[in-house]
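Visitor: Sharing a structure with you now.
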Amino acid sequence: MAIDPRTAFGLRLIEIRKAKGWSQERLALESGLARSYLGGVERGQRNIALLNIYKLAEALAVTPGSLMDPPAAK
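Heads up: the sequence shown begins at 2 in the numbering used here, then just goes up one per residue.
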């Protein structure tokens with residue numbers, strides 16, 4: 002069974018955020034998005050909007066497409 006795209010996006014976002022050594026709070030401040038919203042995105046509970054994907058990518062200095070890459074296998 003395939004992973005839900007929202008869950009996959011959230012896991013990938015966590016990978017990139019942690020690779021930078023950032024907390025959710027820092028990513029929230031850098032992106033202008035609410036920390037509680039980011040928590041929901043990372044848990045796969047939110048259907049993130051395209052504009053917010055671009056805000057996160059800009060804050061993390063990555064391409065929007067890199068946020069869509071599959072998360073690393075655990």
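Glycine residues also receive a C-beta, built at the ideal position from the N, C-alpha and C atoms.
From a predicted model like this one, the values you see are computed outputs, not experimental measurements.
Take residue 36 and list the residues in its own chain whose beta-carbon comes closer than 7 Å to its own, dropping the five residues that flank it on each side.
Guide: For the purposes of this step, residue 36 is identified with residue 35 of the sequence shown, where counting begins at 1. 25, 26 and 29, listed in sequence order.
Visitor: Can you list, in chain order, the residues of its chain whose CB lies under 7 Å from that of residue 72, leaving out five sequence neighbours each side?
Guide: As a first step, residue 72 is located in the sequence shown; it is residue number 71 there, counting from the start. Answer for residue 72: 9, 12, 13 and 16, listed in chain order.
Visitor: Just checking residue 56 against the ligand ADP - is the residue's beta carbon closer than 7 Å to any of the ligand's heavy atoms?
Guide: For the structure depicted, the ligand ADP is absent and the ligand set is empty, with no information on it obtainable.
Visitor: Quick one: using the 10 Å Cβ neighbour count with 16 as the cut-off for buried, is residue 18 buried or exposed?
Guide: Mapped onto the sequence shown, residue 18 falls at position 17. Buried, because 16 or more other Cβ atoms sit within 10 Å of the Cβ of residue 18.
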